[in-house]
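Undergrad: Once you've had a glance at the structure underneath, I'll fire off some questions.
In our numbering, the protein residues as written are 28 to 543.
Written as structure tokens, this is what we have:
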């Protein structure tokens, strides 16, 4: 150990002050993360990632103390990028991005204060911290419903194969005498995510060739999903003999632990099988011994670097407060005044249940059923958001809600409708068209996103332009528009589509008179 490493305070003091500063400044964000770990079992593994990461850094202490702290300006660039990332998270109403920016800020500060050589030594423990973060909201929503449907569908197939009467409606399994729902908590992510983290740690430390490491990480997903399906099917079998109450309470929680231990055992088995396959890792490269640096740490520069890092952390919330917060945009007219006579049709308004509207999280909405003699009715729904923010007040896609309600999507495509307004959306309206069916009832459904002079069908594009408009136009308002018309059968789609196309164009044009 060289003279520079004899004073451990050179390493401990800046790290301790930096950690305390980050906790104080970002307390609201970090406490929200802790609450999500405690209250959402899908992410409870996040509680263990930080201590595991700190332990892995502690294991590297000898290698760290052999180095000399050196300021590296590239760390400041990473810190600046973290502030920009935090701003994007605020404008994009995405908690994941703001939380990831805090980790990025810490990595940048460590890089700036201690140098790239230290970052190389502890790169894996630092990058591991990103795995403790809950998934982005729109990614989570796009995963949970499909996983619920996969779990319920495959479970029903297993039950039928074993001779039990069962069929599925959405994410509800009906066994004749009883029903039980494959709810969001049973989507399997609570097994996938922690097993994936274990797979990453295991693959990193196990001596394997690169492709075996990759296989070891990837295999965790089908293992977790498969065992979750078996768990649900097993619940159905027990419900058949002992009643549906067996799917709740102690058995539900205890079976979760059993399933995870089975997952882990299968994972270890997969690792053992991979080790038997041909392909050995390259021997570690021998490092030539180098004389330890003899120059002492420049304490003045070291403390200056620490002070600058703390100043950047302190200023970050102020910068984000200026760039990341936008003012709400109010409607030009209340949606309550939306016309009940439109396109030759007569409308009748209806109300949404208060609990459902609270989950939607917008500021105004309207639901109107339009009818016309000799034509199928059209249900019109729009929800307006004055601005979109983290925690739920952002537009949710009907693409996720319909399957969960039991509707089977037979067709899902994007279409472009010509309009008579060349100045609006380039003279065309883009819509998502879904042909859906439930218990023999068919519907044609359109939905799209509209606002800020833009028209979207893709959730990811809408998210991108929400950030873009937040930065350059200082607004993130928008509306979801949905139209539904019933059909006697799938063969009637062309007839209904013609009416719905014309009404969609008219609706979009009329709604522009209300949107800011």
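C-beta atoms are modelled at their ideal positions from N, C-alpha and C, and glycine is treated no differently.
If you run the structure through DSSP and keep just helix, strand and coil, what is residue 250?
TA: As a position in the chain shown, residue 250 is number 223, starting the count at 1. If DSSP states are grouped into helix, strand and coil, residue 250 belongs with the helices.
Undergrad: Give the secondary structure of residue 180 by DSSP, where H, G and I count as helix, E and B as strand, and everything else as coil.
TA: For the purposes of this step, residue 180 is identified with residue 153 of the chain shown, where counting begins at 1. Residue 180 falls in the helix class under three-state DSSP.
Undergrad: Quick one: give me the first and last residue of the alpha helix (DSSP H) that residue 534 is part of.
TA: Reading the chain shown from its first residue, position 507 is the one you call residue 534. Where residue 534 is concerned, the enclosing alpha helix (DSSP H) stretches over 520–538.
Undergrad: Report buried or exposed for residue 527, applying the criterion of at least 16 other Cβ atoms within 10 angstroms of its Cβ.
TA: Walking along the chain shown from the start, residue 527 turns up at place 500. Buried.
Undergrad: Pull the bridge partners of residue 478 from the DSSP assignment, please.
TA: Taking the first residue of the chain shown as position 1, residue 478 is located at position 451. Residue 478 pairs with 481.
Undergrad: Find out if the Cβ-Cβ distance for the pair residue 446, residue 457 is shorter than 8 Å.
TA: In the chain shown, residue 446 corresponds to position 419, counting from 1. In the chain shown, residue 457 corresponds to position 430, counting from 1. Taking 8 Å as the Cβ cut-off, residue 446 and residue 457 do not qualify as a contacting pair.
Undergrad: Rounded to the nearest angstrom, what separates residue 518 and residue 406 at their Cα positions?
TA: Along the chain shown, read from residue 1 onward, the residue named residue 518 stands at position 491. Along the chain shown, read from residue 1 onward, the residue named residue 406 stands at position 379. Spanning the two alpha carbons is a distance of roughly 20 Å.
Undergrad: Starting from residue 435 and walking both ways along the beta strand (DSSP E), at which residues does that stretch end?
TA: Counting from one through the chain shown, the residue named residue 435 turns up at place 408. Where residue 435 is concerned, the enclosing beta strand (DSSP E) stretches over 435–445.
Undergrad: Quick one: what's got a C-beta closer than 8 Å to residue 360's C-beta in the same chain, skipping five residues either side?
TA: Taking the first residue of the chain shown as position 1, residue 360 is located at position 333. Contacts found: 540 and 541.
Undergrad: Should residue 124 go down as buried or exposed, given a rule of 16 or more other Cβ atoms within 10 Å for buried?
TA: Translated into positions along the chain shown, residue 124 becomes position 97. Per the 10 Å Cβ criterion, buried.
Undergrad: Let me know the secondary structure DSSP gives residue 228 once reduced to three states.
TA: Numbered from 1 along the chain shown, position 201 holds the residue referred to as residue 228. It is helical.
Undergrad: My parser needs the alpha helix (DSSP H) runs of 4 or more residues fully inside the region 350–394; what are they?
TA: Within the region 350–394, the complete alpha helix (DSSP H) runs of at least 4 residues are 381–387.
Undergrad: Skipping 5 residues on each side, what residues in its chain have a beta carbon closer than 7 Å to that of residue 486?
TA: Translated into the one-based positions of the chain shown, residue 486 becomes position 459. Taken in chain order, the residues that qualify are 165 and 424.
Undergrad: One question on the structure: do residue 182 and residue 263 come within less than 8 Å of each other, judged by their Cβ atoms?
TA: Along the chain shown, one-based indexing puts residue 182 at 155. Along the chain shown, one-based indexing puts residue 263 at 236. A contact, by the Cβ cut-off of 8 Å.
Undergrad: For residue 23, which three-state DSSP category applies?
TA: Limits of the chain in this structure are 28 at one end and 543 at the other, which puts residue 23 out of reach.
Undergrad: Between the C-alpha atoms of residue 553 and residue 415, what's the straight-line distance to the nearest angstrom?
TA: The chain is shown from 28 up to 543; residue 553 falls before or after that span and cannot be answered.
Undergrad: Consult DSSP for residue 98 and reduce its assignment to one of helix, strand or coil.
TA: Counted from its first residue, the chain shown places residue 98 at position 71. Residue 98: coil per DSSP, three-state reduction.
Undergrad: Considering Cα atoms alone, identify which of 329, 291 and 191 is closest to residue 219.
TA: Locating residue 219 in the chain shown gives position 192, counting from the first residue. Measuring from the Cα of residue 219, the nearest candidate turns out to be 291.
Undergrad: For residue 65, report the span of its alpha helix (DSSP H) as first-last.
TA: Position 38 of the chain shown, counted from the start, is the residue given in the question as residue 65. Taken as a continuous stretch (DSSP letters only), the alpha helix (DSSP H) holding residue 65 covers 54–66.
Undergrad: If you count every other CB in all the chains shown that lies within 10 Å of the CB of residue 479, and 16 or more means buried, which is it?
TA: Stepping through the chain shown from its first residue, residue 479 is reached at position 452. Answer is buried; the Cβ neighbour count reaches 16.
Undergrad: Report the option in 337, 491 and 186 whose CA atom is closest to the CA atom of residue 49.
TA: Your numbering for residue 49 matches position 22 in the chain shown. Of 337, 491 and 186, the residue nearest in Cα terms is 337.
Undergrad: Just reading off the beta strand (DSSP E) that residue 463 is part of, what are its end residues?
TA: Taking the first residue of the chain shown as 1, we reach residue 463 at position 436. It spans 455–465 - the beta strand (DSSP E) in which residue 463 sits, taken as one unbroken run.
Undergrad: CB residue 362 to CB residue 393, shorter than 8 Å?
TA: What you label residue 362 is simply residue 335 of the chain shown in a count that begins at 1. What you label residue 393 is simply residue 366 of the chain shown in a count that begins at 1. Yes, the Cβ-Cβ distance between residue 362 and residue 393 is below 8 Å.
Undergrad: Could you give the first and the last residue of the continuous alpha helix (DSSP H) run that contains residue 73?
TA: Stepping through the chain shown from its first residue, residue 73 is reached at position 46. Note, residue 73: alpha helix (DSSP H), 73–86.
Undergrad: If you compare alpha carbons, which of 499, 462, 38 and 428 is closest to residue 349?
TA: As a first step, residue 349 is located in the chain shown; it is residue number 322 there, counting from the start. Looking at the Cα atoms, 499 is the closest of the given residues.
Undergrad: Quick check on DSSP: helix, strand or coil for residue 505?
TA: Numbered from its first residue, the chain shown carries residue 505 at position 478. It is a strand residue.
Undergrad: Measuring alpha carbon to alpha carbon, tell me which of 364, 335 and 397 ends up nearest residue 139.
TA: Counted from its first residue, the chain shown places residue 139 at position 112. Ranking 364, 335 and 397 by Cα distance to residue 139 puts 335 first.
Undergrad: On the three-state DSSP scale, how would you describe residue 185?
TA: One-based indexing of the chain shown puts residue 185 at position 158. The answer is helix: DSSP assigns residue 185 an H, G or I state.
Undergrad: Within the chosen definition, does the region 145–158 reach the region 372–380 through at least 3 CB pairs nearer than 8 Å?
TA: Touching, no.
Undergrad: Thinking just about the alpha-carbon of each residue, which of 177, 512, 484 and 448 is nearest to the one in residue 463?
TA: The sequence position of residue 463 within the chain shown is 436, counting from 1. If we check each option's Cα against that of residue 463, 512 comes out closest.
Undergrad: Considering only residues of the same chain and omitting the five flanking positions on each side of residue 501, which have a CB-CB separation below 6 Å?
TA: The residue you call residue 501 lines up with position 474 of the chain shown. So the list reads 353, once near-sequence residues are dropped.
Undergrad: Which of helix, strand or coil does DSSP assign to residue 149?
TA: Translated into positions along the chain shown, residue 149 becomes position 122. It is coil, neither helix nor strand.
Undergrad: Leaving out the 5 sequence neighbours to the left and right, which residues in its chain are closer than 8 Å to residue 58 when beta-carbon positions are compared?
TA: Along the chain shown, one-based indexing puts residue 58 at 31. For residue 58, where only same-chain residues beyond five positions count, there are no Cβ hits under 8 Å.
Undergrad: Would DSSP call residue 174 helix, strand or coil?
TA: Counting from one through the chain shown, the residue named residue 174 turns up at place 147. Residue state, collapsed to three classes: helix.
Undergrad: From residue 239 to residue 344, what distance separates their C-alpha atoms?
TA: Sequence index remark: in the chain shown, residue 239 carries index 212 (1-based). Sequence index remark: in the chain shown, residue 344 carries index 317 (1-based). Near 43 Å, if we compare the C-alpha coordinates of residue 344 and residue 239.
Undergrad: Going by the beta-carbon positions, is the gap between residue 121 and residue 163 smaller than 8 Å?
TA: As a working mapping, residue 121 is identified with position 94 in the chain shown. As a working mapping, residue 163 is identified with position 136 in the chain shown. Going by C-beta atoms, residue 121 is nearer than 8 Å to residue 163.
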